[in-house]
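**Q** Pasting a structure here, questions to come.
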Amino acid sequence: MKSQFDVAIVGGGPAGSTLAALLALRGIRAIVFDDDKRPSLLVGESLLPTVVMLMRRLGIEDRVKAFSVHKPGVAFIHRTGSRLDFFFPEKALGKLPNYAYNVPRPEYDNLLRDRAIELGAVFVKRRVGLESGTPGSGREIQLDAETLAAIPELGGHHPKLLVDSTGRARTFAKVLGVGATRGKRNDVAYFAHFENFESDSARDGQVVISLLRKGWSWRIPLQGRLSVGVVVDKDVAKTHGTTPEERLESIISSEPLLKDAGESRRRVTEVMTYTNYQLISDRGHGPGWVAAGDAFGFVDPMLSPGLFMAMHSADLLDQFVFAEGAAVLDQPKRMARRFDRVFDELRDWHQSWAKIIEYFYDGRMYSLYEGGQKLRETYSKVAIASVWERHLSKQITGMVSGARTRSRYAQKLLKFTSDHMVWGVAPPEEYAILTGVDEPVGV
Ligand SMILES: Cc1cc2nc3c(=O)[nH]c(=O)nc-3n(C[C@H](O)[C@H](O)[C@H](O)COP(=O)(O)OP(=O)(O)OC[C@H]3O[C@@H](n4cnc5c(N)ncnc54)[C@H](O)[C@@H]3O)c2cc1C
Numbered sequence: 277m278k279s280q281f282d283v284a285i286v287g288g289g290p291a292g293s294t295l296a297a298l299l300a301l302r303g304i305r306a307i308v309f310d311d312d313k314r315p316s317l318l319v320g321e322s323l324l325p326t327v328v329m330l331m332r333r334l335g336i337e338d339r340v341k342a343f344s345v346h347k348p349g350v351a352f353i354h355r356t357g358s359r360l361d362f363f364f365p366e367k368a369l370g371k372l373p374n375y376a377y378n379v380p381r382p383e384y385d386n387l388l389r390d391r392a393i394e395l396g397a398v399f400v401k402r403r404v405g406l407e408s409g410t411p412g413s414g415r416e417i418q419l420d421a422e423t424l425a426a427i428p429e430l431g432g433h434h435p436k437l438l439v440d441s442t443g444r445a446r447t448f449a450k451v452l453g454v455g456a457t458r459g460k461r462n463d464v465a466y467f468a469h470f471e472n473f474e475s476d477s478a479r480d481g482q483v484v485i486s487l488l489r490k491g492w493s494w495r496i497p498l499q500g501r502l503s504v505g506v507v508v509d510k511d512v513a514k515t516h517g518t519t520p521e522e523r524l525e526s527i528i529s530s531e532p533l534l535k536d537a538g539e540s541r542r543r544v545t546e547v548m549t550y551t552n553y554q555l556i557s558d559r560g561h562g563p564g565w566v567a568a569g570d571a572f573g574f575v576d577p578m579l580s581p582g583l584f585m586a587m588h589s590a591d592l593l594d595q596f597v598f599a600e601g602a603a604v605l606d607q608p609k610r611m612a613r614r615f616d617r618v619f620d621e622l623r624d625w626h627q628s629w630a631k632i633i634e635y636f637y638d639g640r641m642y643s644l645y646e647g648g649q650k651l652r653e654t655y656s657k658v659a660i661a662s663v664w665e666r667h668l669s670k671q672i673t674g675m676v677s678g679a680r681t682r683s684r685y686a687q688k689l690l691k692f693t694s695d696h697m698v699w700g701v702a703p704p705e706e707y708a709i710l711t712g713v714d715e716p717v718g719v
C-alpha cells in the first residue's frame with residue numbers, strides 16, 4: 277500500500293497543528309504525531325493581534341472568543357511607579373485587528389488540533405522513533421523501522437518530508453546534533469492561575485507586566501481567573517524556598533508591585549516551572565526535514581511573541597513553500613531554496629524581537645518614557661514635541677504588537693531617540709531589570 281501522507285509532522289502544538297491545517301487547505305496530505313503529554317497548564321496565554329489574523333485564516337476566531345478574554349493592549353509597570361500603557365490602535369491597522377486574546381492554552385491547542393482534523397489532517401497519539409537518514413535515501417533524518425511498521429496509515433512508506441514541531445524539545449536538532457545560540461539570561465519562570473488577584477489592568481483584559489525589585493512578572497486576565505507568572509534569576513529563586521509553590525508564593529509576597537494585588541489570592545492550579553527560553557538553532561532544515569515553531573527557536577516571553585512566531589513559522593512555510601502544491605515535495609533543491617527564504621524571515625523576526633525586548637530589560641524604554649514626561653512638562657506648548665511623541669509612541673506600539681516589529685524605520689527612530697533625545701533623567705541602567713542576588717535595587 278502506498279503512503280497516504282506526503283508530510284509527517286512530529287508535535288501537535290500550535291506550530292504543528294497550524295501547519296497541518298494549512299497543508300490540508302492546500303490539499304497536501306499530512307499526518308501529525310503528538311505524544312499528548314501536554315500538562316493541563318501551559319504558558320503562552322497572551323496573544324498578539326497578528327495571531328488573530330491567523331485565527332481568521334483558519335476560521336476559528338469565534339470559537340477562540342468563546343473561551344478567551346479580549347486583550348486591548350499591555351501595560352508595563354516599573355518598580356519606580358512609571359506606568360507605560362500600550363493599547364493596540366483605536367482603528368484597525370490595515371488588515372491587522374486592534375485587539376488580541378488571552379487564551380487558556382490547553383483549550384486553544386485543542387481547538388487548533390480539532391480544526392486541522394476538520395480540514396482533513398490525521399492525528400496519531402504517538403511518540404515517534406527517529407534515526408539518521410539511510411545513506412542514499414536523500415533524507416538526513418527518518419522515522420525508524422519500528423515506527424514505520426507500527427503506523428498502518430503509512431503503508432510502510434516514508435513520507436517525503438518530516439517536520440519537527442516538538443517545541444523546546446528540539447527533537448530533530450538533538451538527533452542531528454544541530455547547534456544553537458542561547459540567550460544570555462539565566463532565568464526561571466514560575467506560574468499558576470489565581471482567583472481574587474488584582475490585575476491592575478487599566479482596561480479589562482489588558483495584560484500587565486511588572487518590573488520587580490528582582491526580575492519581572494506577568495498578569496494575564498483569563499475567564500474567571502488571573503494567570504500570574506514571575507521570571508527571576510535562578511540564584512534569586514533559590515532564596516525563596518525550595519519548591520516551585522514556595523518560590524512563587526514567596527516572590528509574590530515580597531514584591532511590592534504584587535503583594536497588595538495578591539493579598540486575598542487563592543491559587544487554583546498547580547505551579548509550573550519553565551527554564552531556558554531563548555534560543556535560535558543554527559539551521560532549521562536539511563534534506564527531507566524542516567523545523568517549525570519553538571523547535572527552530574524561541575524568544576524571551578516578555579512581549580508574548582511565542583505563539584505568533586510558532587503559528588507564523590507554519591504560515592511562512594505554507595506561503596513560501598507549499599503555495600505551489602504538493603509538487604514541490606518532489607523537487608528537493610527547489611524546496612531547500614524556499615526553506616532558506618523562510619528561515620531568513622524567521623531569523624529577522626527573532627533578531628527584531630530581541631532588539632525591542634532589550635529596551636525593556638536594559639531600562640532604555642523607561643528612561644525614554646521619563647525623558648518624554650520631562651520634555652512634555654518643559655515644552656508643553658511646542659507643537660513639534662507632541663507630534664514627535666505621538667509618532668514615536670505609535671511606532672513603539674506597532675513594534676510591541678507585532679505590526680512594526682521588523683520595520684527598519686521604527687527600529688532606527690527608537691534608537692536615535694533613546695541615544696540622543698533623552699535628558700535630565702536617571703541613566704537607563706537604573707531602570708534596568710535586576711537579576712543577580714547581589715545586585716542592588718536601582719531606582
Ligand atoms: C515563561 C514563558 C512564558 C510564555 N508566555 C507566552 C505568552 O504569553 N504568549 C505567547 O504567545 N507565547 C508565550 N510563550 C511561548 C509559547 O509558549 C511557545 O512559543 C509556544 O508554545 C510554541 O509552540 P510550538 O507549537 O512551537 O511548541 P509547543 O507548544 O511546545 O508544542 C510542542 C508539541 O509537541 C509535542 N511533542 C514534543 N515532543 C514530542 C515527540 N517526541 N513526539 C510527539 N510529540 C511531541 C508536545 O507534547 C507538544 O504538544 C511563553 C514561553 C515561556 C517559556
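The numbering used here puts the sequence shown at residues 277 to 719. No residue lacks a Cβ here, since even glycine has one placed at the ideal position from N, Cα and C.
(1) With DSSP as the reference, label residue 442 as helix, strand or coil.
(2) Does the distance between the C-beta of residue 586 and the nearest non-hydrogen atom of ligand 1 fall short of 7 Å?
(3) Should residue 544 be labelled buried (16 or more other beta-carbon atoms within 10 Å of its own) or exposed?
(4) Between which two residues does the beta strand (DSSP E) holding residue 411 run?
(5) Between which residues of its own chain and residue 449 is the CB-CB distance below 6 Å, once the five residues before and five after are set aside?
(6) Between the Cα of residue 584 and those of 338, 466, 475 and 321, spot the shortest distance and give me the residue it belongs to.
(7) Could you check what DSSP says for residue 719 in three-state terms: helix, strand or coil?
(8) Would you check if the region 449 to 464 and the region 294 to 303 touch, i.e. whether three or more CB-CB distances between them fall below 8 Å?
(9) Give me the Cβ distance between residue 364 and residue 325, rounded to the nearest whole Å; I'm assuming they're in contact under 8 Å.
(10) With a threshold of 6 Å on Cβ separation, who are the neighbours of residue 284 within its own chain once the five nearest residues in sequence on each side are excluded?
(11) Under the criterion of a Cβ to heavy atom distance below 7 Å, does residue 311 qualify as lining ligand 1?
(12) Three Cβ pairs or more, each shorter than 8 Å: is that satisfied between the region 606 to 622 and the region 330 to 342?
(13) At which residue ranges does the region 530 to 573 contain complete alpha helix (DSSP H) runs of 4 or more residues, listed in the order of the chain?
(14) Whole angstroms are fine: how far does the CA of residue 646 sit from the CA of residue 539?
(15) Tell whether a beta-carbon distance below 8 Å holds between residue 484 and residue 501.
(16) Less than 8 Å separating the beta-carbons of residue 465 and residue 507?
(17) Which residues mark the beginning and the end of the alpha helix (DSSP H) in which residue 386 is found?
(18) Using alpha carbons as the reference points, say which of 596, 390, 550 and 697 lies closest to residue 643.
(19) Using three-state DSSP, classify residue 433 as helix, strand or coil.
(20) Quick check on the DSSP output: the alpha helix (DSSP H) that includes residue 498 runs from which residue to which?
(21) Hey, out of 385, 340 and 362, whose CA is closest to residue 312's CA?
(22) Which of helix, strand or coil does DSSP assign to residue 582?
(23) In the DSSP output, what is residue 485 paired with across the bridge?
(24) Is it a yes or a no for the region 465 to 481 touching the region 345 to 362, going by three-plus beta-carbon pairs under 8 Å?
(25) So which of 516, 446, 525 and 418 has the shortest CA-CA distance to residue 467?
(26) Quick one: grab the DSSP three-state call for residue 289.
(27) My understanding is that residue 387 touches residue 591, with C-beta atoms under 8 Å, so please give their C-beta distance in whole angstroms.
(28) Could you tell me the alpha carbon to alpha carbon distance between residue 626 and residue 581, rounded to whole angstroms?
(29) For residue 372, which of 651, 701 and 674 has the nearest alpha-carbon?
(30) Drop a sphere of 10 angstroms on the beta-carbon of residue 705, count the other beta-carbons inside from all chains shown, and report buried for 16 or more, exposed for fewer.
(31) Return the first residue and the last residue of the alpha helix (DSSP H) that residue 758 is part of.
(32) Would you please state the rounded distance, in angstroms, between the beta carbons of residue 504 and residue 493? I believe it to be under 8 Å.
(33) What are the boundary residues of the alpha helix (DSSP H) that includes residue 424?
**A** By the coordinates alone:
(1) Collapsing the DSSP output to three states places residue 442 in coil.
(2) Yes; taking the cut-off as 7 Å, the Cβ of residue 586 has a heavy atom of ligand 1 nearer than that.
(3) A residue is called buried when at least 16 other Cβ atoms come within 10 angstroms of its Cβ; residue 544 does not meet this threshold and is exposed.
(4) Counting along the chain, residue 411 falls outside any beta strand (DSSP E), and DSSP gives it neither H nor E.
(5) Annotation for residue 449: 557 place their beta carbon closer than 6 Å to its own, counting only its chain and skipping 5 residues before and after.
(6) Measuring C-alpha to C-alpha distances from residue 584 to each of 338, 466, 475 and 321 identifies 321 as the nearest.
(7) Residue placement at residue 719 is poorly supported in this model, since its pLDDT is 47, which falls under 50; the coordinates still yield a value, given next. Three-state result, residue 719: coil.
(8) Not touching, per the Cβ criterion.
(9) Correct: roughly 6 Å between the Cβ atoms.
(10) So the list reads 307, 435 and 438, once near-sequence residues are dropped.
(11) Because some heavy atom of ligand 1 lies under 7 Å away, the Cβ of residue 311 counts as near it: yes.
(12) Contact between the region 606 to 622 and the region 330 to 342 is absent, because fewer than three Cβ pairs lie under 8 Å.
(13) Segments of the alpha helix (DSSP H) lying fully in the region 530 to 573: 532 to 535.
(14) Between the C-alpha atoms of residue 539 and residue 646 there is a straight-line separation of about 30 Å.
(15) No, the pair does not count as a contact, with Cβ atoms beyond the cut-off.
(16) Yes, the pair counts as a contact, with Cβ atoms nearer than the cut-off.
(17) Taken as a continuous stretch (DSSP letters only), the alpha helix (DSSP H) holding residue 386 covers 381 to 395.
(18) Out of 596, 390, 550 and 697, the CA that lies nearest to the CA of residue 643 is found in 697.
(19) Residue 433 falls in the coil class under three-state DSSP.
(20) DSSP places residue 498 outside any alpha helix (DSSP H); the residue lies instead in the beta strand (DSSP E), whose first and last residues are 492 to 498.
(21) When only C-alpha atoms are compared, the closest one is 385.
(22) Helix at residue 582.
(23) Partner residues in the beta bridge of residue 485, as assigned by DSSP, are 352 and 494.
(24) Touching, yes.
(25) For residue 467, the closest C-alpha among the options 516, 446, 525 and 418 is that of 525.
(26) In the three-state reduction of the DSSP assignment, residue 289 falls in the coil class, being assigned neither a helical nor a strand state.
(27) Contact doesn't hold; Cβ gap of about 17 Å is too wide.
(28) Between residue 626 and residue 581, the C-alpha separation is close to 9 Å.
(29) When only C-alpha atoms are compared, the closest one is 674.
(30) Exposed: under 16 other Cβ atoms inside 10 Å.
(31) Since the first residue shown for the chain is 277 and the last is 719, residue 758 is missing from the structure and cannot be characterised.
(32) Yes, they are in contact, since the Cβ atoms of residue 504 and residue 493 sit about 7 Å apart, within 8 Å.
(33) Looking at the DSSP string, the run of the alpha helix (DSSP H) that includes residue 424 is 421 to 426.
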